[in-house]
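Single-structure report; data block below.
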């Protein structure tokens, strides 16, 4: 079964389609940038996104995640490393917040997929906060069906009251690789309002 057919069945949406993102290590950031492009928005235009000269959209999002690192995050990552979690083995070379920020800035495009940090929940949450979105993740690596539908990101109360919540749907596979889920109706969408999500999607993520 193709990925497109699979996601159509999961979401009960015949217009759903998976946009494959190259597994470069920057896939999460590239997927988000691609989603916003469908609604003619550039993530670099958001005031909470950190942009340096010559940053493309994906790099600006990676920089935003790196900038969100503080002492609390550093201590948490250090604790995960000391607990023996393999995904945090990179922390053995990070002595402080600055080291961790620099490590997060290493891109797959520049250093190779095996040399950069792929986005985990912290980075996803930081990007969601900056863009005021919620990521809805279909986790194909989840061992139990009940853990397959993950929601990351919280929007502010003002956004909720105004009914301006927006969502991006991602499909996770092979550890931390993300592809983008689009809806191809009269127009192709990668960023959705609550009303634009299928009834099934709202139920799956309990929205």
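Numbering (my numbering), first residue to last: 22 to 228. C-beta: ideal position from N, C-alpha, C; glycine also. None of these values were measured; they are calculated from a predicted model.
Residue 69 and residue 104 have their C-alpha atoms some 33 Å from each other. Residue 72 and residue 221 have their C-alpha atoms some 37 Å from each other.
Taking 8 Å as the cut-off, the beta carbon of residue 201 is found closer than this to the beta carbon of residue 56.
At the C-beta level, residue 99 and residue 80 stay beyond 8 Å of one another. Taking every protein chain shown into account, the CB of residue 60 has fewer than 16 other CB atoms within 10 angstroms, so this residue is exposed. The straight-line gap separating the alpha-carbon atoms of residue 32 and residue 219 is approximately 7 Å.
The straight-line gap separating the alpha-carbon atoms of residue 43 and residue 77 is approximately 16 Å.
Considering only 170, 152 and 159, the residue with the shortest C-alpha distance to residue 65 is 152. Contact between the stretch 149–169 and the stretch 118–125 is not established, with fewer than three Cβ pairs separated by less than 8 Å. Sixteen is the threshold: since fewer than 16 other Cβ atoms of the shown chains lie within 10 Å of the Cβ of residue 195, the residue is exposed. Close CB contacts of residue 125 within its chain, under the 8 Å cut and outside five residues either way in sequence, are with 83, 86, 87, 90, 138 and 144 (chain order). Boundaries of the alpha helix (DSSP H) around residue 94: 92–103. Residue 167 and residue 161 have their C-alpha atoms spaced approximately 12 Å apart. Residue 150 sits away from residue 129, with the two beta carbons spaced by 8 Å or more. Annotated as distal: residue 95 and residue 101, with beta-carbon spacing of 8 Å or more. The Cβ neighbour count for residue 97, taken over all protein chains shown within 10 Å, is under 16; the residue is labelled exposed. The three-state secondary structure of residue 50, taken from DSSP, is helix.
Across the set 93, 54 and 210, the C-alpha of 93 shows the shortest separation from the C-alpha of residue 117. Look at residue 38 here: in three-state DSSP terms it is strand. For residue 170, the uninterrupted beta strand (DSSP E) segment begins and ends at 170–173. Taking C-beta separations shorter than 8 Å and ignoring five residues to either side along the sequence, the partners of residue 141 in its chain run 108 and 197, following chain order. The C-beta distance from residue 176 to residue 212 rounds to 13 Å, too long to fall under 8 Å, and the pair is not in contact.
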